[in-house]
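Residue numbering for the sequence shown follows my numbering, starting at 56 and increasing by one per position.
One structure below.
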Amino acid sequence: MPAADAEPGISRGTPVTAPALPSQPPAERAVSVLWSFGKCLGAILPVYLAGYYGFSISVVLFGLMIYMGWKHSRLEKVMRLKSAMYLLENERKFTTENVFRAKRDLPPWVNFPDVEKVEWLNKILQQAWPFVGQYLEKLLVETIAPAIRASSIHLQTLSFTKVNIGDKALKVVGVKAHTEHDKRQVMLDLYLSYAGDVEINVEIKKYFCKAGVKGVQLHGKLRVILEPLIGDIPLVGAITMFFIRRPKLDINWTGLTNLLDIPGLNAMSDTMIMDAIASHLVLPNRLTVPLVADLHVAQLRSPLPRGVVRIHLLEAEDLTAKDTVIKGLIDGKSDPYAVLRVGTQIFTSHHVDSNLNPQWREMYEVIVHEVPGQELEVEVFDKDPDQDDFLGRYVHLRLEWLSLLSSADRLSEVIQKNQDLTSKTADPPSAAILAIYLDQAHELPMRKGNKDPSPMVQISIQDATKESKTCYGTNSPVWEDAFTFFIQDPRKQDIDIQVKDDDRALSLGSLTIPLARLLATPELTLDQWFQLENSGSASRIYVKIVLRLNPVGPGGLGKPQPARPQHTTPDPEFATEGVLRINLVEAQNLIAKDNFMGGMVKGKSDPYVKIRVAGITYRSHTIKENLNPIWNELYEVILTQLPGQEIQFELFDKDIDQDDFLGRYMWYTLNDVKSGRVHLVLEWLPRVSDLICERSTSPQWDEAFHFLVRDPRDETLTMKVRALGSLTLPLREVLFEPGLVLDRWVNLDGALPESQILLRVMLKSHTSISALLCTHSLHCQDSTGDNTNTAGQVKLTVGYSAEENRLFITVHSCRALAACSKDGADPYVSFILLPDKKATTKRRTATKKRDLNPEFNERFDFDFSLEESIQRRLDLSVKNSVSFMSRERELIGKLQLDLDQIDLKAGVTQCYDLMRSKQILYASSGTTSHVPPLSPQRFGH
């Protein structure tokens, strides 16, 4: 480093010694000793007083805990403030030398190319900051303080003793300009960051009370809209400012307000302050400053919303287990719930007990005021008695954009569609939104004693009530407040307006407006004076009321919906594949690789075969010490009839370290070795018939899948559509379809009730015990479908272990259970092996809360012989866990299964239909042979 860059007063290469501290005068040393003694006495005094007055030691410990918590919170705030100051002062160094840090730690102009640096603006702010401080001091002392003293008799001695905004100026770390949306305005997004050493002290002499602030942090995105653009100076009619979402605020308190740093109070105080800021500066609230006269400020301050977003909170997967036991030695689960935020609109879902893959299936509607800009924030927490743990921000959502229409022509269609969804959602969806702009009132009644009232307004629509601000000491108030409501049916709902005094006891007037009145007005708008009822003869109120319909989609209901296909359409390129069966019989005259003493003593080999075809590798078992091994193994692979496909065979000698190569051959030709040959039998099983498969509505995949199936009577096809739900289809249903082809709409489990998938499944049998199952995911669309005969399905494994001499029954899961209440059901499985007079074989699973697709995976063992097991009958019930006084239905579905119809030695895993009450299914299953499942091969058109 050049000498010019060195620290002042420090020369290179010269050791620096600390200067000797001057000795303190005796008076200062005495004061220091007395101060130390006083602090020690202050620490011991509470303990002495507690013992003197007979208080419990727990009081002292509680006070000590509060003090330690306050101290810790205080130190954290100071460290955060210092870190933020350092970051703002050394932004260039931090950005260039610490690029490995998380993206959220970097300034916006690094993460977003369209965000520009404005260092010139920051230099102007830094230069003008002292004068901003002078203006703020004058404002607080000469304007705000007198207003506070006049508001209450208890605050008549309030004064600001110190106002210093410090040397750290507000910094704009990035600016993004939006000029492509509206040519009559300029829209700017300012990324603000302030970490200042501001110090403001307040004193109330009457109560000897001092309080203040020393250090503030504020970080957020402020949107500034310059509109309308005009042809005269100052070229801009007004400036509108607001935060897109709640900014981050951190305050260091001093004096009496230090108590706000006590754990518990700090979060409450910060929330109250943020709520106060949000009520003025966070969407939908705006601060509008007019720059010219005769400007319609109301339209700028409270514009109509841009639209509505309908949020479907579906599910989450693989969450972290937070409820651990013994400090994490034993993993537990979590009780997750989700919090969704859009500006000041906050929604909280119900929590799902003990589930790392929760399904909420809830719907929320959010009014969108700014496009682009507004964001949806989602956080998942674990519900705990003390403090909820953070689980993450990734969930499965489905979003719908609802446009706003100014015509009531399609109101009946919207309401009819919403009625079809009402029974499937907790809250009925809205058909329209109502925007009310409360402007002013005139000549309201006076209070007793001819005193001016302090009027406020309550606006109610059905069960929703909102209040305006209070205008103190006037009978002609000006509120300029805006409110929005969701409307289910404007033909049946009314607006109730109550004007009251600030104590809510004295009514100053009322007004009722049927929403049906708006349906007959142009543009669905009322903008006029209304005469108040139960008020003075000249009492009036000015209100602007706007109704807007919100049908689904950017084009509303005006776009014609494509016709729903009843069957799939054919694709000539599909189902041209067949099965190639490879019989690996034997090999002869292989090379001996396991030699001893440097090859002087000939050994043998431990051969095995690797077969590669169509991207799949099969491996045979190893035969020990044999140069003429016999495998007699069978492999099957699905291939299309395309030329040029090859099968590669390789022989290896199994060793402890590295396997030795014994030969390679294509089809039947042996290459790269001196001797050896392989006996193979290849059999091509061509296709039997064509498969028709295609989708025509969104979403469309155009993909096909095929599987090798051993016994369709006992196999189950499982599909999981990640955007919608899942499907479990027993293949025995396909056996009863004409031509072994299933082609219809099928309900999806674990999805919205109206979700279905159009599916075509074909079984292609060939001359063996195998069958080729071809499926094609066609398309999904929302459609209603009922299954009135069954109450769902249960998946079981029933078998007999000859080694343990035990009968075992595994309850895997249930699917598509019938709901017992609006919250679904709390299912569990209970069964007994009949005949059993003493109920010794009665078993039950754990209860799954609010889950119609529960996963149990519980195994139950019975010490029965095989002969005794065959004589039993499984009597199974899926029940809803209810309290003693509950009126909910307990039984969900039943199943009876004769075990003599099952090959217990092999074991059977199968899904069984549950019958509703008084309908019992007597199920039987044929013999199955266990074959390891093959990985499915995917192909497209």
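All C-beta atoms, glycine included, are put in the ideal place defined by N, C-alpha and C.
It should be emphasised that the depicted structure is a prediction, and the values quoted were computed from it without experimental measurement.
Name, in chain order, the residues that DSSP records as bridge partners for Gly310.
-> Ala266
Under a Cβ-count criterion, where at least 16 other Cβ atoms within 10 Å of its own Cβ denotes burial, should His424 be classed as buried or exposed?
-> buried
Those runs of the beta strand (DSSP E) which lie wholly inside the stretch 883 to 951 and span at least 3 residues = 910 to 917, 928 to 935
Report the rounded CA-to-CA distance for Ala519 versus Ile550, giving the unit in angstroms.
-> 10 angstroms
Going by the CB atoms, is the gap between Gly286 and Leu271 shorter than 8 angstroms?
-> Per the sequence shown, the amino acid found at residue 271 is Val instead of Leu. For Val271 and Gly286, no; Cβs fall outside 8 angstroms.
Evaluate Glu770 with the Cβ neighbour count: other Cβ atoms within 10 Å of its Cβ, from every protein chain shown; 16 or more gives buried, anything less gives exposed.
-> buried
Glu370 classed as buried or exposed, judged by whether at least 16 other C-beta atoms fall within 10 angstroms = buried
Is Pro484 closer than 8 angstroms to Arg674 when the C-beta atoms are compared?
-> No. Outside cutoff.
Cα-Cα, which of Asn908, Leu782, Asp494 is closest to Ile600?
-> Asp494
Should Gln429 be labelled buried (16 or more other beta-carbon atoms within 10 Å of its own) or exposed?
-> buried
Can you give me the Cβ contacts of Ala1008 inside the same chain, cut-off strictly under 6 angstroms, excluding the 5 residues immediately before and after it?
-> The requested residue 1008 is not part of the displayed model; the chain covers only 56 to 996.
With C-beta atoms as the reference, is Ser461 less than 8 angstroms away from Arg603?
-> yes
What's the gap between the Cα of Arg159 and the Cα of Ser138?
-> Per-residue confidence for Arg159 stands at a pLDDT of 49, beneath the threshold of 50, marking its modelled position as unreliable; no derived number is given.
Does the stretch 206 to 214 come close enough to the stretch 184 to 195 to have 3 or more Cβ pairs within less than 8 angstroms?
-> Flag = no, the stretch 206 to 214 and the stretch 184 to 195 do not touch.
Closest residue to Asp557 among Pro510, Leu581, Lys521 (Cα-Cα distance) = Pro510
Since Lys231 is in the alpha helix (DSSP H), which residue starts that stretch and which ends it?
-> Element bounds for Lys231: not the alpha helix (DSSP H) but the beta strand (DSSP E), 226 to 233.
CA-CA distance, Gly447 and Gly948?
-> 37 angstroms
State yes or no: is the C-beta of Leu872 within less than 8 angstroms of the C-beta of Ala846?
-> yes
Secondary structure of Val598, DSSP reduced to three states | strand
For Glu171, which beta-bridge partners are listed by DSSP?
-> Val230
Run through DSSP, which three-state label would His209 get?
-> Three-state DSSP puts His209 in a helix.
Report yes or no: do the stretch 330 to 345 and the stretch 291 to 299 share at least 3 C-beta pairs separated by less than 8 angstroms?
-> yes
Length of the line joining the Cα atoms of Glu455 and Thr326 | 31 angstroms
Does the Cβ of Ile328 have 16 or more other Cβ atoms within 10 Å, making it buried, or fewer, making it exposed?
-> Classification of Ile328: exposed, given that the 10 Å Cβ count is below 16.
Which whole-angstrom value describes the C-beta separation of Val230 and Glu171, a residue pair presumed to lie in contact below a C-beta threshold of 8 angstroms?
-> 5 angstroms
Do you know offhand how far Val218's Cα is from Ala224's?
-> 15 angstroms
Runs of alpha helix (DSSP H) lying entirely within the stretch 495 to 576, each at least 4 residues, in chain order = Unbroken alpha helix (DSSP H) runs of no fewer than 4 residues, entirely contained in the stretch 495 to 576, are found at 571 to 574, following chain order.
Can you tell me where the alpha helix (DSSP H) with Glu788 in it begins and where it stops?
-> For Glu788, the uninterrupted alpha helix (DSSP H) segment begins and ends at 787 to 790.
Tell me Arg448's beta-bridge partners as DSSP assigns them.
-> Arg448 is not bridged to any residue.
Go to Arg356, then tell me how far its alpha helix (DSSP H) extends in each direction, as first and last residue.
-> 352 to 356
How is Ala285 classed by DSSP in three states: helix, strand or coil?
-> Sequence check: residue 285 is Ile here, not Ala. Coil.
Reference Ala353, options Pro201, Val187, Gln471, Trp534, closest by Cα | Trp534
Among the residues of its own chain, which have a CB less than 6 angstroms from the CB of Ile401, if the five just before and after it don't count?
-> Cβ within range, chain order: n/a, list empty.
Does the stretch 907 to 920 touch the stretch 867 to 882, meaning 3 or more C-beta pairs lie closer than 8 angstroms?
-> yes
With Ile220 as the anchor, note down where its beta strand (DSSP E) starts and where it stops.
-> Taken as a continuous stretch (DSSP letters only), Ile220 belongs to no beta strand (DSSP E), as it is neither H nor E.
CB contact flag (Tyr663, Thr672, <8 angstroms) = no
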